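Participant: One structure coming up, written as structure tokens, with questions to follow.
Protein chains: 2
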Amino acid sequence: MAYQDAIAALADPTRRVIIDRLRTGPLPVSAIADGMGVSRPAVSQHLKVLSDAGLLSVTPTGNRRVYAIAPEGVDELRRYLDTLWDDALAAFARAAQEKAKGQST
Amino acid sequence: MAYQDAIAALADPTRRVIIDRLRTGPLPVSAIADGMGVSRPAVSQHLKVLSDAGLLSVTPTGNRRVYAIAPEGVDELRRYLDTLWDDALAAFARAAQEKAKGQST
DNA sequence: ACGAATCGTAAGCGATGACTTACGGTAAGT
DNA sequence: ACTTACCGTAAGTCATCGCTTACGATTCGT
Numbered sequence: 862m863a864y865q866d867a868i869a870a871l872a873d874p875t876r877r878v879i880i881d882r883l884r885t886g887p888l889p890v891s892a893i894a895d896g897m898g899v900s901r902p903a904v905s906q907h908l909k910v911l912s913d914a915g916l917l918s919v920t921p922t923g924n925r926r927v928y929a930i931a932p933e934g935v936d937e938l939r940r941y942l943d944t945l946w947d948d949a950l951a952a953f954a955r956a957a958q959e960k961a962k963g964q965s966t
Numbered sequence: 862m863a864y865q866d867a868i869a870a871l872a873d874p875t876r877r878v879i880i881d882r883l884r885t886g887p888l889p890v891s892a893i894a895d896g897m898g899v900s901r902p903a904v905s906q907h908l909k910v911l912s913d914a915g916l917l918s919v920t921p922t923g924n925r926r927v928y929a930i931a932p933e934g935v936d937e938l939r940r941y942l943d944t945l946w947d948d949a950l951a952a953f954a955r956a957a958q959e960k961a962k963g964q965s966t
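Protein chains in written order, with my numbering: chain A, 862 to 966; chain B, 862 to 966.
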């Protein structure tokens with residue numbers, strides 16, 4: 862999956878809460894859903910979206926399914942934003958220079 | 862506006878196309894909308910969303926309004942992803958270590 | 001001063017998405 | 001074996017979102 866799916870996945874607030882809960886380490890579904898404002902099936906659906914986007918990895922362990930943040934998926938998004946950042950800075954500097962040139966005339 | 866709005870703004874494909882068109886430098890609305898698959902009012906609405914999210918800046922110049930990528934908005938998103946990246950790596954390393962310890966037993 | 005161009009906004013419509021309840025399937029406990 | 005716990009999926013509902021057409025406001029050209 863590409864970075865587009867990752868952005869779409871992170872656009873939802875509930876999914877960002879899930880990501881935040883996994884920041885400290887892997888967790889099973891019930892632990893993720895516990896105390897969150899939505900039902901457990903809703904969490905399952907969000908987990909599927911995040912997994913399909915490459916942001917989470919799953920390891921079935923007996924009865925439970927343990928989810929964890931997948932660093933590669935996050936890195937993809939990071940690279941996209943880095944190139945955007947570089948282009949934005951370059952365009953910004955160029956525009957400032959052109960404006961200064963026009964100003965001096 | 863916070864990074865949440867920036868993520869939501871970039872989640873839409875049409876808005877990413879707009880961002881891509883502004884990568885090389887500032888452009889007025891008509892130039893952005895030209896050749897894009899949607900109507901000009903639609904582009905205007907997208908520009909509003911991107912501006913509200915802090916990803917674009919506007920400079921009214923006579924008849925036209927020139928839009929440009931706002932580096933600060935992009936940087937906010939970058940920082941969010943960087944901390945997520947750090948946490949993901951740390952959690953990953955910790956989980957790997959715990960698994961190795963359990964394996965050795 | 002008058003017509004054309006540029007652009008934002010309002011209203012309405014169709015599609016997508018997030019949530020719920022209900023259900024089925026597999027593993028663990030007794 | 002039987003019950004309980006854990007989890008994914010299906011179906012349906014309601015809100016949100018992206019798009020279009022129509023309109024109004026401001027600025028440029030002549």
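Don't be surprised by glycine CBs; every beta carbon is placed ideally from N, CA and C. Small disclaimer: the values here were computed from a predicted structure and weren't measured.
Count the C-beta pairs between the segment 910-927 of chain B and the segment 866-885 of chain B that are closer than 8 Å, then say yes if the count reaches three, no if not.
Facilitator: Contact holds: three or more Cβ-Cβ distances are below 8 Å.
Participant: With a CB to CB cut of under 6 Å and the five nearest residues on each side skipped, what residues in its chain are close to PRO874 (chain A)?
Facilitator: Taking the first sequence and counting its residues from 1, one reaches residue 874 (chain A) at position 13. Cβ within range, chain order: n/a, list empty.
Participant: Assess contact between the segment 864-874 of chain B and the segment 918-938 of chain B, defined as three or more Cβ pairs (one per stretch) separated by less than 8 Å. Is contact present?
Facilitator: Flag = yes, the segment 864-874 of chain B and the segment 918-938 of chain B touch.
Participant: Using a C-beta to C-beta distance shorter than 9 Å, which residues of chain A count as neighbours of THR885 (chain B)?
Facilitator: By 1-based counting over the second sequence, the position of residue 885 (chain B) is 24. Here the neighbours are ASP948, ALA951, ALA952, ARG955.
Participant: Does ARG940 (chain B) come out as helix, strand or coil in the three-state DSSP assignment?
Facilitator: As a first step, residue 940 (chain B) is located in the second sequence; it is residue number 79 there, counting from the start. ARG940 (chain B): helix per DSSP, three-state reduction.
Participant: Measure the C-alpha to C-alpha separation of GLY886 (chain A) and ALA949 (chain B) and round it to an integer number of angstroms.
Facilitator: Here residue 886 (chain A) corresponds to residue number 25 of the first sequence, with the count starting at 1. Here residue 949 (chain B) corresponds to residue number 88 of the second sequence, with the count starting at 1. Looking at the two C-alpha atoms, the distance is approximately 8 Å.
Participant: Which whole-angstrom value is the C-beta distance of ALA961 (chain A) and LEU916 (chain A), which I expect to be below 8 Å?
Facilitator: Taking the first sequence and counting its residues from 1, one reaches residue 961 (chain A) at position 100. Taking the first sequence and counting its residues from 1, one reaches residue 916 (chain A) at position 55. Contact flag wrong, Cβ pair sits at about 43 Å.
Participant: Buried or exposed, going by whether 16 or more other CB atoms sit within 10 Å of the CB of VAL904 (chain B)?
Facilitator: Residue mapping note: residue 904 (chain B) aligns to position 43 of the second sequence, counting from 1. The residue is buried, with at least 16 neighbouring Cβ atoms inside 10 Å.
Participant: If you reduce the DSSP assignment to three classes, tell me which class GLN890 (chain A) lands in.
Facilitator: Here residue 890 (chain A) refers to the residue found at position 29 of the first sequence. The sequence given here places Val at residue 890 (chain A); Gln does not occur at that position. Three-state DSSP puts VAL890 (chain A) in a helix.
Participant: Could you pull the start and end residues of the beta strand (DSSP E) that THR922 (chain A) belongs to?
Facilitator: Sequence index remark: in the first sequence, residue 922 (chain A) carries index 61 (1-based). Element bounds for THR922 (chain A): 917-922.
Participant: Would you list the one or two residues that DSSP bridges to ARG1046 (chain B)?
Facilitator: One cannot answer for residue 1046 (chain B) here, as it falls past the ends of chain B, which runs 862 to 966.
Participant: Identify whether LEU883 (chain B) lies in helix, strand or coil by the three-state DSSP scheme.
Facilitator: For the purposes of this step, residue 883 (chain B) is identified with residue 22 of the second sequence, where counting begins at 1. Coil, per DSSP.
Participant: Please list the partners that PRO969 (chain B) has in chain A, where partner means a Cβ-to-Cβ separation under 7 Å.
Facilitator: Residue 969 (chain B) cannot be examined here, being either before or after the span of chain B that is shown, 862 to 966.
Participant: Under the three-state reduction of DSSP, which class applies to SER900 (chain A): helix, strand or coil?
Facilitator: Here residue 900 (chain A) is taken as the residue at index 39 of the first sequence, counted from 1. SER900 (chain A) falls in the coil class under three-state DSSP.
Participant: Return helix, strand or coil for ASP873 (chain A), following the three-state DSSP convention.
Facilitator: Taking the first residue of the first sequence as position 1, residue 873 (chain A) is located at position 12. Residue state, collapsed to three classes: coil.
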